[in-house]
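There are 2 protein chains.
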Amino acid sequence: MSFSFLTHLECPRCHTQYDADEQAHLCTCGSPLLARYDLVAAKEQLSKEMLQQREPTLWRYHELLPVRSAENVVSLGEGMTPLLPLPRLGEKLALRHLYVKDEGVIPTGSFKARGAAVGVSRARELGVRTLAMPTNGNAGGAWATYSARAGLDAVVVMPEGAPLITRNECAISGAHLFLVNGLISDAGAIVGRAVKAHGWYDASTLKEPYRIEGKKTMGYELAEQFHWEVPDVILYPTGGGVGIIGIYKALRELQEMGWIGERLPRLVAVQSTGCAPIVKAWQEGRDTSEMWKNSKTVAFGINVPKALGDFLVLEAVRGTGGCALAVDDDELLQAQVELASSEGLFVCPEGAATLVAARKLRQQGWIHEGERVVLLNTGSGIKYPDTVQVSPPLLQPQDDIPLA
Amino acid sequence: MSFSFLTHLECPRCHTQYDADEQAHLCTCGSPLLARYDLVAAKEQLSKEMLQQREPTLWRYHELLPVRSAENVVSLGEGMTPLLPLPRLGEKLALRHLYVKDEGVIPTGSFKARGAAVGVSRARELGVRTLAMPTNGNAGGAWATYSARAGLDAVVVMPEGAPLITRNECAISGAHLFLVNGLISDAGAIVGRAVKAHGWYDASTLKEPYRIEGKKTMGYELAEQFHWEVPDVILYPTGGGVGIIGIYKALRELQEMGWIGERLPRLVAVQSTGCAPIVKAWQEGRDTSEMWKNSKTVAFGINVPKALGDFLVLEAVRGTGGCALAVDDDELLQAQVELASSEGLFVCPEGAATLVAARKLRQQGWIHEGERVVLLNTGSGIKYPDTVQVSPPLLQPQDDIPLA
């Protein structure tokens, strides 16, 4: 019985192979590396029925994850997040089967926990002592948290404007936290210099190959939660794009194992009109994106002006017959209110963007009424106190509640 | 096949019985009412093996919950929260089997979601249209959220000092939110007048009998997660005390079904030295508590100067050979840092209080080294941005990371 069927790392651009049991970052050609598995052997050992008996965390798929030994698993109970129907909004949008996959219900309140759990576990297994990363907030909070659980040192650099609570997550977990008067790309440059100077492990988005392995479990879970009949459309708020690349990778792996059929969900990359490099590249039929100048959006997590994995995002979108589109901040803030007041889901602004996109695509006829459509909410609204402005009336103890 | 084996409501003080299918609040004697079930019939239908096949939410125990029809279930995927070992802190405290039950990983980021899910579901089933409640924040956020999901109107009154993010949860969910210049007891008085005046459903703590049914599922889950061999000690941060009453009720029900043995975990009620009415009553050997004057603690959720269910909390503590003790704010804030930096758990201040209590009880020899000890963390630290003060260094894009 193997705990993991990891075989090697592979460059998705030039197909060079690397030893998976050495610390590795980018390919010599500059591309991110992807983990590969012996899926034939995995299929022999693992069955869908076995999965049902396992704990509701992403580690239920451990044969298809890169951690070789159970004792190296660093876990806070992450994964198997709820898949919830949205009946009222479905009716409003004329969609009979609208769902949200709610990644707010996970340690640290953000889907970044998946990448951190698997990435930190594997880093520890490979002997890492100190890791460093730039972040728009949530990834830093998650990696700091999991590093503390693993007993690793974490160095985190985030823009001054990143959500305040993610500073607290880093600081209280004992990470070395720095703010930068700039964007995540500025934070990335600082980290790039620091890992060279100090020999730290570079945990930047897609600069190590295992964060994506954690993120891909969203794809496994969706397949399992839909009883291995994958949905028709998945809308994903796209910044660095690791999640959408991961979901695509997971679905391809499940196909190779024969666990799902030929048809894949159409993957939709949703961005903000204030930062839409992937959308622009998709519209122009290009394979890579260009740096988006002066990017700005209230949905901080998708403020990524140039993603290292842009070509993989575009491949995921094209390979599934998907599309890419951008939505305005005003629209997504309105959608956030709609999700909370109609369905009781207080989602993050990034997640709310997918509802706007679903509505537009439905109106255009790109999504049909009977299709099963999943909004991927990447985190909880409680991490973003400033996106909701509230001025409730103040009563004195002897006051009565005034009727509207 | 019955979805629920609910039979009637019963007063735990004077034993008067009430029809469970009518809206009910307190007993005529002033006591909260408890839901009772046909446990013999439940045991015939339900087995431990069946549970394993069910979804990882609290609704897996639906036969022992009060909602009569599956279609009335209002859910956001709550329950089956992680049970996590704390090996580093265990070593520090000389406890070989120290765990946390992490209620931060649940919709709304607080264990209040359990009570709200079951309470709102049952309220809707009984025809309620508008409910009203006082809250220290998290319960209001949860009930507002689940009311939105159920299509009910919610009226929420909270102290001005309650955590800011819980205002947002109420407002964005469409609840009618009011602040009060006072404590939760002042909010309670305002709600008391309003429900009389307007005929609203009073959802105040223990003034309806179903919130506790949601909270008790923590007890079922702990039993199931420990493979029906219950732990030795459970430490619970006690404000209104619904959770500890609920866990005790759940364990007694499991005993009656023969699913667990004679031995029960010793339940420990942990309070703040700034608000410790239960501790005082326990020390003085009394059956009820007295109103705690000028109560004050950074752990806002346990700032409850007089709990309606105080006699039930004291019964749970005494009935299990447990105890009650209070900890200082300074100590619990330090414990919050310890949990995050040693174990990667960013818990709420209330949850952190249980670590302080465990350490004291271990030092006193009240807890033994080999006992299995569970800290009940009632919510996520991300809902309390003000309890952590952080001043990270600010870099300019051209700066390098300074080495300490």
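In order, the protein sequences belong to chains W and C.
Mapping of the first sequence onto the UniProt record's numbering: residues 1 to 404, in sequence order.
Mapping of the second sequence onto the UniProt record's numbering: residues 1 to 404, in sequence order.
The beta-carbon is built from N, C-alpha and C at its ideal position, and this holds for glycine as well.
Looking at residue i: is its Cβ nearer than 7 Å to the Cβ of residue j?
i                      : j               : result
T378 of chain W        : E125 of chain W : no
V180 of chain C        : L395 of chain W : yes
V118 of chain C        : L65 of chain C  : yes
residue 407 of chain C : A144 of chain C : In this structure chain C extends from 1 to 404, so residue 407 of chain C is not present and cannot be described.
C385 of chain W        : F178 of chain C : In the sequence under discussion, the amino acid at residue 385 of chain W is Pro, which differs from the Cys named in the question. No, Cβ-Cβ distance for P385 of chain W and F178 of chain C is not below 7 Å.
G79 of chain C         : T205 of chain C : no
L86 of chain W         : L76 of chain W  : no
S342 of chain C        : A299 of chain C : no
A154 of chain W        : L131 of chain W : yes
V373 of chain C        : L95 of chain C  : yes
A352 of chain W        : L332 of chain W : yes
I244 of chain C        : V327 of chain C : no
W200 of chain C        : W228 of chain C : no
L9 of chain W          : A24 of chain W  : yes
A148 of chain C        : T108 of chain C : no
K101 of chain C        : L345 of chain C : no
I want to verify the contact list: residues of chain C whose CB lies under 9 Å from the CB of residue i, in sequence order.
i               : result
T145 of chain W : A340, G344, L345 and F346
E169 of chain W : A340, F346, G381, I382 and V388
L107 of chain W : Note that residue 107 of chain W is Pro in the sequence shown here, rather than Leu. Those within 9 Å of P107 of chain W in chain C are P82, D102, G104, V105, G344, L345, F346 and S380.
P349 of chain W : Ordered by position in chain C, no residue passes the 9 Å Cβ test against P349 of chain W, which lies about 12 Å from the chain.
Would you kindly report the start and end of the unbroken beta strand (DSSP E) that includes residue i?
i               : result
Y37 of chain C  : L34 to Y37
P87 of chain W  : P87 of chain W -> not in any beta strand (DSSP E); alpha helix (DSSP H) instead, spanning P87 to L93.
T378 of chain W : Looking at the DSSP string, T378 of chain W is not in any beta strand (DSSP E), and its letter there is neither H nor E.
D102 of chain W : H97 to D102
D310 of chain C : Taken as a continuous stretch (DSSP letters only), D310 of chain C belongs to no beta strand (DSSP E), being part of the alpha helix (DSSP H) at D310 to G319.
M133 of chain C : T130 to P134
R266 of chain C : R266 to S272
Note down, in chain order, every chain W residue with its Cβ under 7 Å from the Cβ of residue i.
i               : result
K383 of chain C : I382
V337 of chain C : I172
R149 of chain C : E343 and G344
P56 of chain C  : P56 and M80
Which residues in chain W have a C-beta closer than 9 Å to the C-beta of residue i? List them in chain order.
i               : result
D400 of chain C : I190, R193, A194 and A197
Q52 of chain C  : Q52 and Q53
Starting from the C-beta of residue i, find all residues in its chain whose C-beta is less than 6 Å away, skip the five residues before and the five after it, and write them out in chain order.
i               : result
K296 of chain C : G274
G322 of chain W : R266, L267 and V268
E213 of chain W : A35, L65, P66 and V118
E350 of chain C : P237, A299, G301, I302 and T378
T320 of chain C : L264, R266 and L267
G115 of chain C : R211, G214 and K215
S380 of chain W : G104 and G109
V390 of chain C : none
S173 of chain C : A144, T145 and A148
L361 of chain C : I367
I'd like the span of the alpha helix (DSSP H) that includes residue i, first residue to last.
i               : result
A150 of chain C : N138 to A150
T166 of chain C : L164 to I172
Q334 of chain C : D329 to E343
L361 of chain W : P349 to Q363
H198 of chain C : I184 to H198
P277 of chain W : P277 to Q283
K215 of chain W : R211 to K215
Y248 of chain C : V242 to E256
CB-CB under 8 Å to residue i, same chain, minus the five flanking residues each way: which ones, in chain order?
i               : result
H62 of chain C  : F3, S4, A70 and V73
N136 of chain W : M158, P159, A162, I184, G239, F300, G301, N303 and V304
P402 of chain W : P393
C27 of chain W  : C11, R13, C14, T16, Y18 and L33
T166 of chain C : T135, G137, N138, G140, G141, M158 and K383
For a contact meaning CB atoms closer than 7 Å, what does residue i contact in chain C?
i                      : result
residue 408 of chain W : Absent from the model: residue 408 of chain W. The displayed extent of chain W is 1 to 404, so no value can be given.
E160 of chain W        : L394
L177 of chain W        : P392
Against residue i, what residues of chain W qualify as contacts under a CB-to-CB distance less than 8 Å, listed in chain order?
i               : result
D153 of chain C : By Cβ distance, chain W contributes nothing, its closest Cβ being about 11 Å from D153 of chain C, past 8 Å.
Sorry if obvious, but does the Cβ on residue i come closer than 6 Å to a heavy atom of the ligand SAH?
i               : result
S295 of chain C : You won't find the ligand SAH in this model; it holds no ligand whatsoever.
Run through chain C and tell me which residues come within less than 8 Å of residue i, C-beta to C-beta.
i               : result
I184 of chain W : Residues of chain C passing the Cβ test: none, with the nearest at roughly 11 Å.
L164 of chain W : P385
Point to revise | Proximal residues, the stretch 74-89 of chain C versus chain W, C-beta separation under 9 Å | key: V74, S75, L76, G77, E78, M80, T81, P82, L83, L84 and R88
Point to revise | Members of the stretch 115-136 of chain C that neighbour chain W once the beta carbon cut-off is set at 7 Å | key: none
Practice item. Report the residues of the stretch 284-309 of chain W with a CB closer than 8 Å to any CB of chain C, ordered along the chain. Key: none
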